[in-house]
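The opening position of the sequence shown corresponds to residue 220 in the working numbering, with each subsequent residue numbered one higher.
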Amino acid sequence: MARGSGNVQAVLEAYELARRGDHRTLRARLADDATWHPAREGAWNPCRDADQIVRTLLWRATANGLRPGETIDLGDRVLVRLHGRRLDRLGGRGLVPKLFQIVVLRDGKIVSLRDYARREEALAAAGLAG
Numbered sequence: 220m221a222r223g224s225g226n227v228q229a230v231l232e233a234y235e236l237a238r239r240g241d242h243r244t245l246r247a248r249l250a251d252d253a254t255w256h257p258a259r260e261g262a263w264n265p266c267r268d269a270d271q272i273v274r275t276l277l278w279r280a281t282a283n284g285l286r287p288g289e290t291i292d293l294g295d296r297v298l299v300r301l302h303g304r305r306l307d308r309l310g311g312r313g314l315v316p317k318l319f320q321i322v323v324l325r326d327g328k329i330v331s332l333r334d335y336a337r338r339e340e341a342l343a344a345a346g347l348a349g
């Protein structure tokens, strides 16, 4: 897992804060206008502000054991492979479901999270060939 950049560190810290249930500190790491889009439109409602994202991250961390795995620093974005239970119900696909996420940061704060069922989809969304 890459740990070098400030953006990667910010993403890893956000997931750690969610795991610990630190609502207040986690909220401070998110831009007020932050959004989160699920892997499957219609299965889950998108989060339209930072408070909704905090609730979703806390739930995902506790109920699903969601945690970051491999990370790839993409400048203002970080690609994260997520690990946890029941990834299939969060939009993951495959015999062993996998879920990927592109996290966009601005001035050290998370402004956007978007889930993808496949690594290739996440890489394409980031403008990279899979």
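Note that the Cβ used here is the ideal one computed from N, Cα and C, for glycine as well.
Sequence-distant residues of its chain with Cβ nearer than 6 Å to residue i (five each side left out)
i, result
"His302", "Arg286, Gly288"
"Ala253", "Ala269, Ile272, Ile329, Val330"
"Asn226", "Val297, Leu324"
"Ser224", "Asp292"
"Gly261", "none"
CA nearest to the CA of residue i, picked from the options
i, options, result
"Val188", "Ala247, Asp292, Ala237, Arg304", "This structure cannot settle anything about residue 188, because the visible part of the chain is limited to 220 through 349."
"Thr275", "Ala233, Gly225, Glu339, Tyr335", "Ala233"
"Phe319", "Leu236, Ala341, Arg248, Trp278", "Ala341"
"Gly346", "Arg304, His242, Gly327, Asp295", "Asp295"
Contact set for residue i: own chain, Cβ-Cβ below 7 Å, skip 5 residues either direction
i, result
"Cys266", "Thr254, Trp255, Ile272, Thr275"
Same chain, Cβ closer than 8 Å to residue i, neighbours up to 5 away in sequence not counted
i, result
"Val230", "Pro287, Thr290, Val297, Val299, Val322, Leu324, Ile329"
Reduced DSSP category for residue i - H, G, I as helix; E, B as strand; rest coil
i, result
"Arg286", "strand"
"Arg325", "strand"
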